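Let me begin by presenting the structure, written as structure tokens, before commenting on it.
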Amino acid sequence: MKDEVPNLRDYHTALRDEAAAPTLEVPQGEPTSKTQIIAIYGKGGIGKSFTLANLSHMMAEMGKRVLLIGCDPKSDTTSLLFGGKACPTIIETSSRKKLAGEEVQIGDVCFKRGGVFAMELGGPEVGRGCGGRGIIHGFELLEKLGFHDWDFDYVLLDFLGDVVCGGFGLPIARDMAQKVILVASNDLQSLYVANNVCSAVEYFRKMGGNVGVAGLVINKDDGTGEAQAFAEAVKIPVLAAIPADDDLRKKSANYQIVGTHASQWGPMFEGLAEAVGIAPPVRPTPLNQDGLLGLFDSKDTGGDYQLVPATDTDMRGKHGTPKASLEVIYDDA
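Those letters in the sequence shown? Residues 5 to 337, per this note's numbering, in order.
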């Protein structure tokens, strides 16, 4: 007898019903685990890697044991931490070692600077694989290397927020992290990505998950206030506002670390480190599209545009010759 083929429509409906069902609110409070695992999400190019490299360096200066894991295929995080040098990624090293019949050792993939331990998961070659699947494979390898036995105060994960597939949502979907930090600026696209991550957190909370959003870091803050308004609307705190300063831009472009007490920017990153450590994971209230647009002046976004429905004649263009109507029309009696 053949196996019964599941009815995908019924399965989809059941999944939606399960997600929509009310669940008990997960208690909010400071994480109790010794190791805080924190996933940082944001739009590509918004400054996640800049924020994380400097945050991790400052945490280490403050006496914390920190592991920084880059989960973005561009490997920006460790490049910034290591002065522009690219370290071997876990995925490429694993592939090379497997071909040679060897096992990956921690010294092959993990490197140190300023007290920070750092590594990159990496990703597939362009057009030759799924980035999300690479993330999953990378964490499987970390577990084999003893990830759960390591002794750190903080494990910081740098995730690309634009991509919403399951691999990049792994820390949220599987409760691998206690909390999420968002990085955004005063622009619609980065706040759209931040809102998407809030939606993912909310979805998995409805499914019984425990991950929450600890807060927002506003990068390249020009003082216009949209990111602050977003944080207030989704009910998350602002952990730090990093100004749009030319000195920061130049130092970041030159792979210079500013998250140190030797820098004029040290106190700002020290404050961020303290806020990150104590911020509890909260359940956000994501916005709809109109809510996001409402954060900006409609003159800048076109938010006051009204949808105009197309007609069949519009779609036919030059082929839009009138057709004889089949409607029966009665003469007036």
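Glycine included, C-beta positions come from ideal geometry on N, C-alpha and C.
Here the structure is a predicted model, which is why all the values come from computation and not from measurement.
- Task: Mark Ile-406 as exposed unless 16 or more other C-beta atoms lie within 10 angstroms of its C-beta, in which case mark it buried.
- Result: The structure shown does not extend to residue 406, since the chain is modelled only from 5 through 337, so no value can be given for it.
- Glu-34, buried or exposed, once every other Cβ within 10 Å from all chains shown has been counted against 16: In this predicted model, Glu-34 has a pLDDT of only 48, less than 50, meaning its place in the structure is not dependable; the value taken from the coordinates is given anyway. Flag for Glu-34 reads exposed.
- For the ligand HEM, any of its heavy atoms closer than 7 Å to the Cβ of Gly-229? By its list of ligands, the structure shown contains no ligand whatsoever, and the ligand HEM lies outside what it can speak to.
- Measure the Cβ-Cβ separation of Lys-47 and Ser-203 and say whether it is below 8 Å. The Cβ atoms of Lys-47 and Ser-203 lie no closer than 8 Å to each other.
- In whole angstroms, what is the alpha-carbon distance linking Val-242 and Asn-199? A straight-line Cα-Cα distance of about 14 Å links Val-242 and Asn-199.
- Item | Cα-Cα separation, Phe-54 to Glu-106 | If I take the Cα positions, the gap works out to 34 Å.
- Task: Return helix, strand or coil for Val-242, following the three-state DSSP convention.
- Result: Residue state, collapsed to three classes: strand.
- Task: In angstroms with no decimal places, state the Cα-to-Cα distance between Phe-115 and Arg-69.
- Result: CA-to-CA, the gap between Phe-115 and Arg-69 works out to about 14 Å.
- Message: Output needed for Val-184: all residues of its chain with C-beta closer than 8 Å, excluding positions within five of it in sequence on either side, in chain order.
- Response: Answer for Val-184: Ile-42, Ala-43, Ile-44, Tyr-45, Pro-175, Ile-176, Val-201, Val-205, Val-215, Gly-216, Val-217, Ala-218, Pro-285, listed in chain order.
- Query: The beta strand (DSSP E) spanning Asn-200 covers which residue range?
  - Reply: Annotation for Asn-200: no beta strand (DSSP E) segment contains it, though the alpha helix (DSSP H) segment containing it runs 192-210.
- Query: Which value, in whole angstroms, describes the spacing of the CA atoms of Tyr-196 and Asp-80?
  - Reply: Roughly 22 Å separates the two Cα atoms.
- Query: Exposed or buried, Asn-58, counting other C-beta atoms within 10 Å across all chains shown (16 or more means buried)?
  - Reply: Per the 10 Å Cβ criterion, buried.
- Query: Count the other CB atoms within 10 Å of the CB of Gln-182; is the residue buried (16 or more) or exposed (fewer)?
  - Reply: Result: buried.
- Task: Have a look at Ser-189 and Phe-163 and give me their C-alpha separation to the nearest angstrom.
- Result: Cα-Cα distance, rounded: 17 Å.
- Look at Met-62 and Gly-263 and say whether their C-beta atoms are less than 8 Å apart. Contact flag set, yes.
- Query: Along the chain, where does the alpha helix (DSSP H) that runs through Asn-58 open and close?
  - Reply: Following the DSSP letters along the chain, one finds Asn-58 inside the alpha helix (DSSP H) bounded by residues 52-65.
- Message: Using only the alpha-carbon positions, how far apart do Thr-317 and Gly-298 sit?
- Response: When rounded, the distance between both Cα atoms is 34 Å.
- Query: Can you list, in chain order, the residues of its chain whose CB lies under 7 Å from that of Thr-268, leaving out five sequence neighbours each side?
  - Reply: The question names Thr, but residue 268 is Gln in the sequence shown. Same-chain partners within the cutoff: there are none.
- Message: I'd like to confirm the pairing. Which residues does DSSP put opposite Asp-225 in its beta bridges?
- Response: DSSP, once it has assigned bridges, lists Pro-247 as partnering Asp-225.
- Are the Cβ atoms of Val-108 and Leu-72 separated by less than 8 Å? Cβ distance not < 8 Å, so Val-108 and Leu-72 don't count as in contact.
- Query: Anyone know if the C-beta pair for Cys-75 and Leu-149 falls short of 8 Å?
  - Reply: Annotated as distal: Cys-75 and Leu-149, with beta-carbon spacing of 8 Å or more.
- Which class does Arg-253 belong to by DSSP, given the choice of helix, strand or coil? Of the three classes helix, strand and coil, the one that applies to Arg-253 here is helix, per DSSP.
- Item | Rounded straight-line distance, which links the Cα of Val-159 to that of Ile-282 | The straight-line gap from Cα to Cα measures roughly 15 Å.
- Environment of Glu-8 [buried if 16+ CB atoms lie within 10 Å]: With a pLDDT of 49 at Glu-8, under the threshold of 50, the modelled position of that residue is not reliable, and the figure given next carries that caveat. Taking all protein chains shown into account, Glu-8 has fewer than 16 neighbouring C-beta atoms within 10 Å of its C-beta and is therefore exposed.
- Query: Among residues of its own chain, excluding the 5 on either side of Val-221, which ones have a beta-carbon nearer than 6 Å to its beta-carbon?
  - Reply: The residues are Thr-55, Val-187, Leu-243, Ala-244.
- Where DSSP assigns a beta bridge to Ala-122, which residues make up the other side? The partner list for Ala-122 (beta bridge, DSSP) reads Leu-72, Phe-115.
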